[in-house]
Amino acid sequence: MSESKKPVFQPNPEFSKDARIKNMSEYQALQDEAINDYESFWSRFAKEKVDWIEPFTKTLDESNFPFVKWFDGGKLNVSTQCIDRHLDTRGEKTAILFEGDRGDIQKITYNELAKSVNKFANLLKEDFGVKKGDRIVIYMPMIPEAAFAMLACTRIGAIHSIVFGGFSAEALKDRIIDANAKVVITADGAFRKGKPYMLKPVVDTALEGNTSVKNVLVIERNKEEITWVDGRDNSYAELIKNKSDVCEAEVMDSEDPLFLLYTSGSTGKPKGVQHNTAGYILWAQMTMEWVFDVKEEDVFWCTADVGWITGHTYIVYGPLATGATTVMFEGVPTYPDAGRPWKMVQEHKITHFYTAPTAIRVLHKMGEDEPKKYDLSSLKVLGTVGEPIDPPAWKWYYEEVGNSKCAIVDTYWQTETGGHVISPLPGATPIKPGCATLPVPGIIAEILDPITGEKVGLGESGYMCITRPWPSMIRGVWGDEERFVKAYFGDVKKDGKAVYFTGDGAKYDEDGYITITGRTDDVINVSGHRMGTAEVEAAINKDENVAEVAVVGKPHEIKGEGIFAYIVLKSDVEDEDAERKSINNIIKKEIGNIAICDDIIFAPGLPKTRSGKIMRRILRSIAKGEKITQDISTLEDPSIVAKIEMMVNG
Ligand code: PRX
10 MSESKKPVFQ PNPEFSKDAR IKNMSEYQAL QDEAINDYES FWSRFAKEKV
60 DWIEPFTKTL DESNFPFVKW FDGGKLNVST QCIDRHLDTR GEKTAILFEG
110 DRGDIQKITY NELAKSVNKF ANLLKEDFGV KKGDRIVIYM PMIPEAAFAM
160 LACTRIGAIH SIVFGGFSAE ALKDRIIDAN AKVVITADGA FRKGKPYMLK
210 PVVDTALEGN TSVKNVLVIE RNKEEITWVD GRDNSYAELI KNKSDVCEAE
260 VMDSEDPLFL LYTSGSTGKP KGVQHNTAGY ILWAQMTMEW VFDVKEEDVF
310 WCTADVGWIT GHTYIVYGPL ATGATTVMFE GVPTYPDAGR PWKMVQEHKI
360 THFYTAPTAI RVLHKMGEDE PKKYDLSSLK VLGTVGEPID PPAWKWYYEE
410 VGNSKCAIVD TYWQTETGGH VISPLPGATP IKPGCATLPV PGIIAEILDP
460 ITGEKVGLGE SGYMCITRPW PSMIRGVWGD EERFVKAYFG DVKKDGKAVY
510 FTGDGAKYDE DGYITITGRT DDVINVSGHR MGTAEVEAAI NKDENVAEVA
560 VVGKPHEIKG EGIFAYIVLK SDVEDEDAER KSINNIIKKE IGNIAICDDI
610 IFAPGLPKTR SGKIMRRILR SIAKGEKITQ DISTLEDPSI VAKIEMMVNG
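Under my numbering, the first residue of the sequence shown carries the number 10, and numbering increases by one thereafter.
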């Protein structure tokens, strides 16, 4: 079937009528405006959207590319943008609608949010001496205090680094050390599937021998027993009691760092992606308005965890900057059954539901008929993020959840892009299943030929690049300038000039729509989250029986990709299953459950070139069950391939 024959779904005319961007001509007009005068475009929106304490003097300074400056000279504060500026008009509106795992509900108004954040900020300043520029690690469950903590940091100019609660003590430790953090904010634990689980003990292990962290702040959520380290650990409930609910916002420069968020790359060590103040918040807000088209009465639910970029931009900063009501959910979507999200949509009259294809596949598989049991008529826009969505999941989402009335915005972006870069606009873009469609206005995203740097033609594939700096782009890799330049600006040149390369391959269809085809590097996408093969290999190598290891991705029905490990042991082990368990336990300890291998094969050797490079392409094909057709005669030991094929595919 030719790609232009792919089914196309037009926007719902009822929705388009009131949308901010109503049709493709309006889309094109905005994109033309950006292309014709890039700086004026951004200057216009920055002036319109941001509450500046002092106006900026220069829109974009590219003189030291790729170290760019946006809105230089401007002064602002992100917590003010997200809270204070709404108080006159929306003070009593619900800012955060929290639902706990066990169904407990909390509605926090903008006025209440202001007080909680100010008190939290005062606590950090007065009790821990936190100052502008200090790094604060947040290791938290999905509870409102996680958002308070983030906003409290931004209020006083501290740089937060959130570590996803599923990461292990080792992973947490590495991130604390890399950022040289002064404070860790955590909770005793929280609830999942009706039962308490713990976080504080993980922090205790991560901090063994650490000298930089002077204070740990513990939010009491599940009130289970925990160990307290005198002089270091502090109870939030105690300290917050006597704090003033007024705290002046620190005046921040546009390019002052806002937060760090560690993400996997193609080397063993995760990168501390740095986002700065003005550009990030501007784009978080603009994409809420354009890509989700959130309106005053809407209730917006992004199911991500605050530990990922999606949670940063579309649970906390974007929705609050827009003055929306944002839903925060502590639990899992399948507890007590796979109707939970739909029950929540009905009860809270949720208008926007944004989740990962993995979650859609699980909900589809475990509760195909669940959506029918609830009134989902409040829904207007559905979103997906993190990985390509497959046609069966898309169809079910569109028809059963969205009642064939809601646009599905397939949003393509990354930790590094800060916000959406390629996505349909719900009132304007005709959509095709599994297709991220077109750049969001203002983003100059092009598929380039990796060799010539020229834009590829319709029907052709290449590297997904962004050829002009954009406001919410990554500003650096914490503590490693060289890695920043090399990792993102080292691969593709357009007209002789380095451009940002996402690491993803992509293809234009016959209408010029963009389909993301997946990573071109050694990064696996597990349930919409990035996992570097080198990182998993480094963990596996810690097993004393392991001589060599190569890890690849393998298609997985639910997770999108699962992790497949080929391991060469130093010598035979008695019990292979016990060895597999021990390897996965090491992964759990070093990284966390998210990196556990679905398949572990003990191979007699690995396919390598004569220069010793492991041929992962061959290993990927074998893992997928494909016949090896490529020339293997140049391998150091070609017979290895047949042996491994035999072991895996019989
Ligand atoms: O490979 C792309 C994939 O997820 C990667 C970014 O991962 P991360 O930084 O963890 O951020 C995930 C949430 C923004 C990308 O390089 N990806 C993200 N969105 C899509 C996607 N692949 C296909 N379609 C998408 N919509």
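Glycine included, C-beta positions come from ideal geometry on N, C-alpha and C.
Membership of Arg349 in the alpha helix (DSSP H) is indicated by the continuous run Arg349 to His357. At a cut-off of 6 Å, the beta-carbon of Arg528 counts as near ligand 1: some heavy atom of the ligand is closer than that.
Its chain contains Cys474, Thr476 and Val501 as the residues whose beta carbon lies nearer than 6 Å to that of Val508, once the 5 sequence neighbours on both sides are disregarded; these appear in chain order.
One Cα belongs to Lys503, the other to Glu490, and the distance between them is close to 22 Å. Shown here for Ile359: same chain residues with a beta carbon closer than 8 Å to its own, the five before and five after excluded, namely Val308, Phe309, Trp310, Val336, Met353, Ser387 and Leu388 in chain order. In the DSSP assignment, Trp79 falls within the unbroken beta strand (DSSP E) covering Lys78 to Asp81.
In chain order, the residues positioned with their C-beta nearer than 7 Å to some heavy atom of ligand 1 are Thr272, Trp317, Ile318, Thr319, Thr393, Val394, Gly395, Glu396, Pro397, Asp419, Thr420, Tyr421, Trp422, Gln423, Thr424, Glu425, Ala445, Thr511, Gly512, Asp513, Ile525, Gly527, Arg528, Asn534, Gly537, His538 and Arg539.
Along the stretch 44-87, the alpha helix (DSSP H) occurs as fully enclosed runs of 4 or more residues at 47-58, listed in sequence order. Taking all protein chains in view, the Cβ of Leu467 is surrounded by fewer than 16 other Cβ atoms within 10 Å, so the residue is classified as exposed. Looking from the CA of Trp479, the closest CA among Glu48, Asp187, Arg625 and Ile592 belongs to Glu48. For Asn127, the enclosing alpha helix (DSSP H) covers residues Tyr119 to Phe137.
Between the beta-carbon of Thr424 and that of Val325 there is about 15 Å, and that puts the pair past the 8 Å contact cut. Cβ-Cβ distances below 6 Å link Val561 to Phe573, Arg625, Leu628, Arg629 and Ala632 in the same chain, with the five nearest sequence neighbours on each side left out; the list follows chain order.
With distances taken between CA atoms, Ile596 lies nearest to Asp552 out of Ala199, Asp552 and Ser275. In this model, Arg589 and Asp136 are separated by some 47 Å (Cα to Cα). Cα atoms of Ile62 and Ser620: separation of roughly 58 Å, rounded to the nearest angstrom.
In the displayed model, Val341 falls within coil according to three-state DSSP, outside both helix and strand.
A distance below 7 Å separates the beta carbons of Val146 and Ser170. By the CB criterion at 7 Å, Asn231 and Asp197 fall inside the cutoff. For the pair Glu557 and Ile610, the Cα-to-Cα distance works out to about 12 Å. Here Cys415 carries a coil assignment [DSSP, helix/strand/coil]. In the DSSP assignment, the residues bridged to Met540 are Ile533. Proximity of the stretch 175-192 to the stretch 248-264 falls short of the contact definition, fewer than three beta-carbon pairs being nearer than 8 Å. Remark: three or more beta-carbon pairs, one from each stretch, lie closer than 8 Å, so the stretch 355-372 and the stretch 534-547 are flagged as touching.
Following the DSSP letters along the chain, one finds His373 inside the alpha helix (DSSP H) bounded by residues Pro366 to Met375. Straight across, the Cα-Cα distance linking Pro401 with Arg201 is about 29 Å.
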